[in-house]
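Colleague: Here it is: the structure, laid out below.
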Amino acid sequence: MDGIHDMGGMHGFGPIVREENEPLFHHGWERRVLGMAVAIPVPVPGGSRNNIENMDPAHYLSSTYYEKWLHSRIKGLIDAGAMTADELETRMALFREKPDAETPVHPDPDGVRAEISSRRTDSSAPLRVDVRPQFHKGDQVRARNIHPEGHTRLPRYVRGKTGTISRFYGIHNLQDAELPAGCVRREQPLYAVRFESRELWGESAEAQDAVYLDMWEGYLAPAQPDFE
């Protein structure tokens with residue numbers, strides 16, 4: 002979808018400040034949010050990223066990384082019917098009144114660790130399905146100029162631009178909330194596509210720079226003048 006989250010290629014947000022020796026978590030609650038996202042077996046309706054991308058723009062820009070994760074998981078649990086907004090407010094009221102109140106602890110921590118370990122799979126491995134790639138290394142392609150309603154991994158700044166296939170990763174599950182128009186299956190070839198910086202940003206860009214994007218086949222079409 003087209004929203005405030007899709008800021009790739011935009012100016013005006015200032016330099017990226019790199020924190021020296023940055024810790025994995027800046028606050029203890031961030032560790033717990035990550036644990037929630039990994040361990041809670043309730044699927045997020047519409048997908049976690051879709052919930053984040055539907056945040057109010059002001060809320061999105063003022064939230065930290067794990068605050069966005071927390072928002073998505075809470076909304077997902079409510080949407081899935083695992084809890085209600087009233088139940089959440091009751092629990093929050095308890096901790097506002099008694100900040101030092103003990104939080105529940107699972108009675109079998111070893112069992113929890115074993116369960117989490119069993120859920121970890123290598124989702125990056127290519128799928129073994131009978132799908133033939135349309136493109137090959139060196140082919141010229143154009144990113145489709147589409148504007149899906151749900152979550153998509155197709156950046157706005159690259160839509161309609163021409164690039165070159167630099168690598169084929171195999172067949173992987175499309176991570177979008179919905180299939181692009183014209184696609185009939187979620188298992189798709191996945192490529193690395195090189196876009197020259199001046200193709201993306203014009204003559205003001207450095208001539209020797211390029212951007213590599215991992216893109217599913219449903220995002221791409223052959224580079225040709227009559228492309229929609």
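Numbering (the working numbering), first residue to last: 2 to 229. Glycine is no exception: its CB is placed at the ideal position from the N, C-alpha and C atoms. Fair warning: this is a prediction, and the values are worked out from it, not measured in the lab.
1) How big is the Cα-Cα spacing for Arg74 and Ala38?
2) For Ile5, count neighbouring Cβ atoms within 10 angstroms of its own Cβ and tell me buried if that reaches 16, exposed if not.
3) So with Cβ pairs under 8 Å, would you call Asn174 a contact of chain C?
4) Starting from the Cα of Pro44, find the closest Cα among Asp210, Gly219, Met8, Lys76 and give me that residue.
5) Could you have a look at Asp3 and say whether DSSP puts it in helix, strand or coil?
6) Beta-carbon within less than 8 Å of Arg143's beta-carbon, same chain only, minus the 5 sequence neighbours each way: which residues are those?
7) Taking the beta carbon of Phe26 as the centre, do at least 16 other beta carbons fall within 10 Å, making it buried, or is it exposed?
8) So, are the CB atoms of Glu188 and Gln135 less than 8 Å apart?
9) For Phe228, does the three-state DSSP call read helix, strand or coil?
10) In the structure shown, what three-state DSSP assignment does His173 receive?
11) Using 8 Å as the cut-off, can you tell me whether the stretch 202-211 makes contact with the stretch 169-186, which would need three or more C-beta pairs spanning the two stretches below that distance?
12) For Arg32, which residues in the same chain have their Cβ closer than 6 Å to its Cβ, ignoring the five residues on either side in sequence?
13) Could you say if the stretch 48-63 and the stretch 97-105 meet the contact criterion of at least three C-beta pairs nearer than 8 Å?
14) State the start and end residues of the unbroken beta strand (DSSP E) segment that holds Val212.
15) Does the distance from the C-beta atom of Ile53 to that of His28 stay below 8 Å?
16) Would you report the Cα separation of Arg186 and Lys138, rounded to the nearest angstrom?
17) DSSP on Val194, reduced to helix/strand/coil?
18) What is the DSSP secondary structure of Asn34, counted as helix, strand or coil?
19) By DSSP's criteria, Gln141 is part of a beta bridge. Which residues make up the other side?
20) How big is the Cα-Cα spacing for Ser125 and Met216?
21) What are the residues that DSSP puts in a beta bridge with Arg188?
22) Is the CB-CB distance between Ser167 and Arg199 below 8 Å?
23) Using the C-alpha atoms, what's the distance from Asn22 back to Phe96?
24) Grab the span of the alpha helix (DSSP H) containing Leu95 for me, first residue to last.
Modeller: Put simply:
1) Looking up residue 74 in the sequence shown gives position 73. Looking up residue 38 in the sequence shown gives position 37. Going from the Cα of Arg74 to the Cα of Ala38 covers about 7 Å.
2) For this step, residue 5 is matched to residue 4 along the sequence shown. Classification of Ile5: exposed, given that the 10 Å Cβ count is below 16.
3) In summary, chain C is missing from the structure at hand, where a single protein chain is found.
4) If you number the sequence shown from 1, residue 44 lands on position 43. Selected option, being the one with the closest Cα: Lys76.
5) One-based indexing of the sequence shown puts residue 3 at position 2. In this structure, Asp3 counts as coil in the three-state DSSP scheme.
6) Here residue 143 refers to the residue found at position 142 when the sequence shown is read from its first residue. So the list reads Gly161, Lys162, Thr163, Gly164, Leu221, Ala222, Pro223, Ala224, Gln225, Phe228, once near-sequence residues are dropped.
7) Numbered from its first residue, the sequence shown carries residue 26 at position 25. Result: exposed.
8) The residue given as residue 188 occupies position 187 in the sequence shown. The residue given as residue 135 occupies position 134 in the sequence shown. Cβ distance not < 8 Å, so Glu188 and Gln135 don't count as in contact.
9) Position 227 of the sequence shown, counted from the start, is the residue given in the question as residue 228. For Phe228, the predicted model reports a pLDDT of 47, less than 50, meaning its position is unreliable and no value from the coordinates is stated.
10) Mapped onto the sequence shown, residue 173 falls at position 172. Looking at His173 - three-state DSSP - the assignment turns out to be strand.
11) no
12) As a first step, residue 32 must be located in the sequence shown, where it is residue number 31. Excluding residues within five positions, the ones whose Cβ falls inside 6 Å are Phe26.
13) no
14) What you label residue 212 is simply residue 211 of the sequence shown in a count that begins at 1. Unbroken beta strand (DSSP E) run through Val212: 211-217.
15) Within the sequence shown, residue 53 is the residue found at index 52, counting from 1. Within the sequence shown, residue 28 is the residue found at index 27, counting from 1. It is not a contact, given that the beta carbons lie outside the stated cut-off.
16) By 1-based counting over the sequence shown, the position of residue 186 is 185. By 1-based counting over the sequence shown, the position of residue 138 is 137. Each residue's alpha carbon lies about 23 Å from the other.
17) In the sequence shown, residue 194 corresponds to position 193, counting from 1. Note: Val194 maps to strand in three-state DSSP.
18) As a first step, residue 34 must be located in the sequence shown, where it is residue number 33. Checking the displayed sequence, the identity of residue 34 turns out to be Val instead of Asn. Three-state DSSP puts Val34 in a helix.
19) Walking along the sequence shown from the start, residue 141 turns up at place 140. Partner(s): Thr165.
20) Here residue 125 refers to the residue found at position 124 when the sequence shown is read from its first residue. Here residue 216 refers to the residue found at position 215 when the sequence shown is read from its first residue. So the alpha carbons of these two residues sit roughly 14 Å apart.
21) For the purposes of this step, residue 188 is taken as the residue at position 187 of the sequence shown. Arg is not the amino acid found at residue 188; the sequence shown has Glu there. Answer is Asn174.
22) Indexing the sequence shown from 1 puts residue 167 at position 166. Indexing the sequence shown from 1 puts residue 199 at position 198. Against a cut-off of 8 Å, the Cβ pair of Arg199 and Ser167 comes out as no contact.
23) Residue numbering aside, residue 96 sits at position 95 when the sequence shown is read from its first letter. Residue numbering aside, residue 22 sits at position 21 when the sequence shown is read from its first letter. Those two C-alpha atoms are separated by around 33 Å.
24) As a first step, residue 95 is located in the sequence shown; it is residue number 94 there, counting from the start. Segment 86-98, the alpha helix (DSSP H) holding Leu95.
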